[in-house]
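Participant: In the UniProt record's numbering, the protein residues as written are 1 to 261. Even for Gly, the Cβ is constructed at its ideal location relative to N, Cα and C. A quick note: this is a predicted structure, and the numbers were derived from the prediction, not measured. My structure is below; once you've seen it, I'll send some questions.
Written as structure tokens, this is what we have:
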């Protein structure tokens, strides 16, 4: 018995039952289908793994970039910490210096207060200073400086003047001078105008206003453009550093000028 089946392939069966032939065909077709499905599955898994690999590579790149940024930030923080440590050491040194300066300022203030008290005690109760003898006047001479002038002119038209002199053992001398060489002082000359804070010299002492209070101010570091002044208030045990822009000079606490000899 022969059976011919038209498929993609011609199968010829001789003396074979139909069921066996059909089972064989079904088995072949099923194997082919299984192989095709397995290849599709494998391909899909490979594609999924490739996509996951690409995602992981992108994530690794992101994490690497984040790690670099964190490392850079840590380096900046460490540099900032080292600067803070250095600044703290500098401030500690400044504080120690400030404590020493405050002690010196307190001593200076005590001396000034004592001298002021002595001057007040020496001032007459009327509050006026001792005056020159009647008719005598103070004047400035271009050569002899501050001098006391006689009440009247001499017969030659000049004035006799008395002035300080280191050349004489007694410390004073006299001369006859032309009136045109004298500048008479009707009263004590007004104090010299106060300099700008930045023009002051190291060691100069002033009554000043800083940080909303009146203070004793000493110029310490004329080359320090940040905090060249030390200000203090003995009444409240206050002391601080300040800049030229933070201070207003009110009056000198040292003589305006040296007395001429």
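Counting Cβ pairs closer than 8 Å, one from the stretch 135 to 155 and one from the stretch 104 to 119, do we hit at least three?
Facilitator: Touching, no, given that fewer than three Cβ pairs across the two stretches are closer than 8 Å.
Participant: When you compare the CB positions of residue 250 and residue 208, do they come within less than 7 Å of one another, or not?
Facilitator: Numbered from 1 along the chain shown, position 250 holds the residue referred to as residue 250. Numbered from 1 along the chain shown, position 208 holds the residue referred to as residue 208. In this structure, residue 208 lies closer than 7 Å to residue 250 by Cβ.
Participant: Hey, residue 159 and residue 145 are a contact pair by Cβ (cut 8 Å); roughly how many whole angstroms apart?
Facilitator: Counting from 1 along the chain shown, the entry for residue 159 is found at position 159. Counting from 1 along the chain shown, the entry for residue 145 is found at position 145. Contact flag wrong, Cβ pair sits at about 15 Å.
Participant: Please classify residue 71 as buried or exposed, where buried requires at least 16 other C-beta atoms within 10 Å of its C-beta.
Facilitator: Here residue 71 corresponds to residue number 71 of the chain shown, with the count starting at 1. So residue 71 counts as exposed.
Participant: What does DSSP give as the partner residues of residue 208 in its beta bridges?
Facilitator: The residue labelled residue 208 in the question sits at position 208 within the chain shown. Per DSSP, 215 and 249.
Participant: What are the partner residues of residue 87, as DSSP defines its beta bridges?
Facilitator: For the purposes of this step, residue 87 is taken as residue 87 along the chain shown, with counting starting at 1. Residue 87 is not bridged to any residue.
Participant: From the DSSP output, in three-state form, read off residue 152 for me.
Facilitator: Stepping through the chain shown from its first residue, residue 152 is reached at position 152. Looking at residue 152 - three-state DSSP - the assignment turns out to be coil, as it is neither helix nor strand.
Participant: Which partner residues of residue 279 appear in the DSSP bridge assignment?
Facilitator: No answer is possible for residue 279: the residues shown for the chain start at 1 and end at 261.
Participant: Where does residue 210 land, buried or exposed, given buried means 16+ other C-beta within 10 angstroms?
Facilitator: Here residue 210 corresponds to residue number 210 of the chain shown, with the count starting at 1. The residue is buried, with at least 16 neighbouring Cβ atoms inside 10 Å.
Participant: Under the three-state reduction of DSSP, which class applies to residue 142: helix, strand or coil?
Facilitator: As a first step, residue 142 is located in the chain shown; it is residue number 142 there, counting from the start. Residue 142: coil per DSSP, three-state reduction.
Participant: According to DSSP, simplified to helix, strand and coil, what is residue 166?
Facilitator: Mapped onto the chain shown, residue 166 falls at position 166. In the structure shown, residue 166 sits in coil (DSSP, three-state: anything other than H, G, I, E or B).
Participant: Spatial neighbours of residue 135 within its chain, please: CB distance less than 6 Å, with the 5 preceding and 5 following residues excluded, ordered by chain position.
Facilitator: For the purposes of this step, residue 135 is taken as the residue at position 135 of the chain shown. If we look at residue 135 and ignore the five residues flanking it on each side, its Cβ neighbours are 151.
Participant: Would you mind sorting residue 57 into buried or exposed? The rule is 16 or more other CB atoms within 10 Å of its CB.
Facilitator: To locate residue 57, count along the chain shown from 1; it is residue 57. Its Cβ having fewer than 16 others within 10 Å, residue 57 is exposed.
Participant: Starting from residue 173, trace the beta strand (DSSP E) in both directions and tell me its first and last residue.
Facilitator: Counting from 1 along the chain shown, the entry for residue 173 is found at position 173. It spans 172 to 177 - the beta strand (DSSP E) in which residue 173 sits, taken as one unbroken run.
Participant: Look up residue 74 in the DSSP assignment and say whether it is helix, strand or coil.
Facilitator: Translated into positions along the chain shown, residue 74 becomes position 74. In the structure shown, residue 74 sits in a helix (DSSP, three-state: H, G or I).
Participant: Locate the beta strand (DSSP E) running through residue 185, then write down its first and last residues.
Facilitator: For the purposes of this step, residue 185 is identified with residue 185 of the chain shown, where counting begins at 1. Run containing residue 185: 182 to 185, per the beta strand (DSSP E) assignment.
Participant: Buried or exposed for residue 239, going by 16 or more other Cβ atoms inside 10 Å?
Facilitator: Along the chain shown, one-based indexing puts residue 239 at 239. Buried: at least 16 other Cβ atoms inside 10 Å.
Participant: What is the rounded straight-line gap between the Cα of residue 141 and the Cα of residue 205?
Facilitator: Position 141 of the chain shown, counting from 1, holds the residue named residue 141. Position 205 of the chain shown, counting from 1, holds the residue named residue 205. The alpha-carbon atoms of residue 141 and residue 205 are separated by roughly 30 Å.
Participant: Can you tell me whether residue 105 is buried or exposed, with buried defined as 16 or more other CB within 10 angstroms of its CB?
Facilitator: Here the question's residue 105 lines up with position 105 in the chain shown. By the neighbour-count rule (16 or more Cβ atoms within 10 Å), residue 105 is buried.
Participant: Under 6 Å Cβ to Cβ from residue 184, same chain only, skipping five residues before and after it: list those, please.
Facilitator: For this step, residue 184 is matched to residue 184 along the chain shown. Cβ within range, chain order: 137 and 139.
Participant: Measuring CB to CB, does residue 216 end up less than 7 Å from residue 232?
Facilitator: As a working note, residue 216 is residue 216 in the chain shown. As a working note, residue 232 is residue 232 in the chain shown. Contact flag set, yes.
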